[in-house]
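Below: one structure, written as structure tokens.
Residue numbers (the numbering used here): 1 to 675.
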């Protein structure tokens, strides 16, 4: 179900829209250089949450949400975010296609992003002349003084201009509220429809150059009919008749990802997302969602075979035991039968295969194959494999197909779980993560950053710090067995990012990133780390804990990075990296007659300060003590030498003198002639 967010300050109710590919009512596009914070502005608006991130968006992000404006009208809105000009330069026409409003974003900390606004605006006007635009200056939380400056670009083009911050939310809601109003106005008074030349421009850019769908991570898919296909109307997804479920009941999920021979005619497929695929005009293009299937708790399977053929109803002659790890062995023995609703034509189908390997992978429990609890260590895995491989070896079981399948499965389980790297990925995201690693495209999660304050004295002496952090972790094995004791407290994991196809123009589709619900379970837990503060570490130096950032299903965790923040000391000040400065006070008598005194260093040891008799210490004189500064940290640990200590001598003069003291000084220090 959609996750709902109420933003009180706008007077607008909004919620993340259900996962469908129907055209939106409004399209708002974000423009600006990569890493200017466009995605974070959208996330802040929709989720009212912000996680610092420096990674640039890959390809295109499409954020869909539904909203009700103050006049009571409902709108389905798509927010489009491009990756920046250097990654997104061949598909701009499709990006601008049917946009109702634009938000131009620049980063106040990077002047080049402001300079490039003119390029983005020119391109916007090249493709959509009448679309309203807003200009925003992002990241003002870093430097609020920028709000006192005048910016010529928005004034020159008469654009609404806002100072915003995705980090603290300043003006974010206001900007998107304004963009929504402009988009609604544009929708109600639209410019002329795009010309055929515009559509041809899209096709030329899509197929020009290197071909194969252009750059930026996009892939285009066209049906038959060559270049005339894009002129076909955009399809609306078919709907089930009233009274027929549109869901797939849990007991019927064994049908997902299966292929069947239909009426001794052709093969058809029941996709896991509820799309039905068949070699007919209406059902050969899954992205159009013209054919769907569903199933109820009684085992009835409903197929909407497009609008022409309509509803088909079939039922399996018997149901497999889905609680049996080997239930797929029973699928070849199952057949479907039923009739077409409109004319009663008989239907039958025989099982062919499970074509969706992701479905098979999702059902696999490698620990269960070896008779182990989830999370068992590598040595336990190897022991279980040796024991079970003897039991199910073909030399003992002969031609028993169940035993042969079992032997194959325990071999596959051992291959993955006895390899620490593959085991880790399986624990994090199941077989899907292992397959991704084998293809070389396993994603890596974001790094976590912690600013850690350290007193100067610990940077001098070194320290072993015991640090406790709270982070999200994936609950190993809790997807398959959520009732385990260790799974208590485990809830839903964050959505995972996958590539899906979205129709962006008449007759063609774009492949984009989309967040989908995760099947894994997660929780927050405390983790203790030993943070080694080495002697002589610098302010801003980093300590990296590999793979200790927050976990997310299907990703290799990023690193947890501690950045040392040297705190100020009341007595000592660090200078030039390895030197120290301090000050001490001496009475006038010692300044004149000499002294031999000591002062405590950062670690408590005493440092001698000496002025021999006859040497006068001048006020504010600086004494250099070699080798009493900060340690020189060397690569690989330890230290090689020390810097120097500089001590400023503050001479304490008496506040007043007696007559006798004045006379004595006058005798000792005759007046000097001055010119």
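Each residue gets a CB set at the ideal place from its N, CA and C atoms; glycine is no exception.
Could you tell me how far apart the beta carbons of residue i and residue j are, in whole angstroms, since I believe they sit closer than 8 Å?
| i | j | result |
| --- | --- | --- |
| residue 609 | residue 584 | 7 Å |
| residue 470 | residue 524 | 6 Å |
| residue 649 | residue 617 | 5 Å |
| residue 45 | residue 238 | Contact flag wrong, Cβ pair sits at about 33 Å. |
| residue 401 | residue 331 | The Cβ separation is near 13 Å, so there is no contact. |
| residue 99 | residue 29 | 5 Å |
| residue 643 | residue 580 | 7 Å |
| residue 711 | residue 444 | It is not possible to answer for residue 711, since the shown part of the chain is limited to 1 through 675. |
| residue 101 | residue 24 | Rounded, the Cβ-Cβ distance is 12 Å, inconsistent with contact. |
| residue 372 | residue 410 | Not quite, the Cβ-Cβ distance comes to about 11 Å (not below 8 Å), so this is no contact. |
Going along the chain, which residues of its own chain have a beta-carbon closer than 7 Å to the beta-carbon of residue i, five neighbours each way excluded?
| i | result |
| --- | --- |
| residue 316 | 299, 334 and 336 |
| residue 562 | 450, 452, 531, 542 and 543 |
| residue 366 | 413, 416, 417 and 426 |
| residue 307 | 238 |
| residue 364 | 431 |
| residue 494 | 518 and 552 |
Alpha carbon to alpha carbon, what distance is there between residue j and residue i?
| i | j | result |
| --- | --- | --- |
| residue 275 | residue 548 | 39 Å |
| residue 116 | residue 438 | 40 Å |
| residue 150 | residue 182 | 24 Å |
| residue 283 | residue 253 | 21 Å |
| residue 41 | residue 291 | 37 Å |
| residue 362 | residue 569 | 56 Å |
| residue 594 | residue 148 | 57 Å |
| residue 517 | residue 404 | 35 Å |
| residue 128 | residue 446 | 36 Å |
| residue 539 | residue 236 | 59 Å |
| residue 408 | residue 388 | 11 Å |
| residue 421 | residue 429 | 13 Å |
| residue 528 | residue 468 | 4 Å |
| residue 577 | residue 545 | 25 Å |
| residue 35 | residue 120 | 15 Å |
| residue 76 | residue 156 | 32 Å |
| residue 488 | residue 478 | 9 Å |
| residue 398 | residue 327 | 21 Å |
| residue 611 | residue 645 | 16 Å |
| residue 176 | residue 103 | 9 Å |
| residue 374 | residue 339 | 44 Å |
| residue 324 | residue 484 | 19 Å |
| residue 656 | residue 461 | 44 Å |
| residue 351 | residue 272 | 16 Å |
| residue 419 | residue 582 | 56 Å |
| residue 301 | residue 490 | 33 Å |
| residue 556 | residue 72 | 45 Å |
| residue 86 | residue 356 | At residue 86, the pLDDT of 43 sits below 50, so the modelled position is not reliable and the matter cannot be decided from this model. |
| residue 285 | residue 277 | 7 Å |
| residue 65 | residue 124 | 24 Å |
| residue 240 | residue 492 | 30 Å |
| residue 280 | residue 526 | 55 Å |
| residue 33 | residue 105 | 8 Å |
| residue 133 | residue 442 | 38 Å |
| residue 96 | residue 78 | 12 Å |
Near residue i, what residues of its chain come up, given a Cβ to Cβ distance below 6 Å and the 5 sequence neighbours on each side ignored?
| i | result |
| --- | --- |
| residue 455 | 567 |
| residue 597 | 609 |
| residue 153 | 117 |
| residue 353 | 259 |
CB-CB under 8 Å to residue i, same chain, minus the five flanking residues each way: which ones, in chain order?
| i | result |
| --- | --- |
| residue 564 | 452, 454, 459, 533, 537, 538, 539, 540, 541, 542 and 543 |
| residue 586 | 595, 597, 617, 649, 650, 651 and 652 |
| residue 676 | Outside the displayed span of the chain (1 to 675) sits residue 676, for which this structure offers no information. |
| residue 432 | 358, 361, 362 and 554 |
| residue 632 | 536, 578, 639, 640, 641, 642 and 643 |
| residue 342 | 309, 310 and 311 |
Ordered list of beta strand (DSSP E) runs contained in the stretch 622 to 667, each at least 3 residues:
631 to 633, 639 to 642 and 645 to 652
Is the stretch 242 to 258 close to the stretch 289 to 303, with three or more CB pairs under 8 Å?
yes
Quick check: the stretch 624 to 643 against the stretch 656 to 667, are at least 3 beta-carbon pairs closer than 8 Å?
By the Cβ criterion, the stretch 656 to 667 is not in contact with the stretch 624 to 643, since fewer than three pairs of Cβ atoms, one from each stretch, lie closer than 8 Å.
Counting pairs of beta carbons, one from the stretch 376 to 395 and one from the stretch 338 to 347, are three or more of them closer than 8 Å?
no
Segment contact, 8 Å Cβ cut-off, at least three pairs: the stretch 165 to 173 with the stretch 137 to 146
yes
Jot down the residue ranges of each uninterrupted beta strand (DSSP E) in the stretch 245 to 306, minimum 3 residues, whole runs only, in chain order.
258 to 262, 266 to 270, 291 to 295 and 300 to 305
Extract the residue ranges of the beta strand (DSSP E) inside the stretch 538 to 567, only unbroken runs of 3 or more that lie entirely within it.
542 to 545 and 560 to 566
Fully enclosed by the stretch 363 to 412, which beta strand (DSSP E) runs are 3 residues long or longer?
none
What are the start and end residues of each continuous beta strand (DSSP E) run of 3 or more residues lying completely inside the stretch 567 to 606, in chain order?
573 to 575, 579 to 587 and 595 to 600
Whole beta strand (DSSP E) runs in the stretch 425 to 493 with 3 or more residues, listed along the chain?
448 to 454 and 463 to 474
Give, in chain order, every unbroken run of the alpha helix (DSSP H) that is at least 4 residues long and sits entirely within the stretch 73 to 155.
Within the stretch 73 to 155, the runs of alpha helix (DSSP H) at least 4 residues long that lie entirely inside it are, in chain order, 92 to 96, 111 to 115 and 117 to 127.
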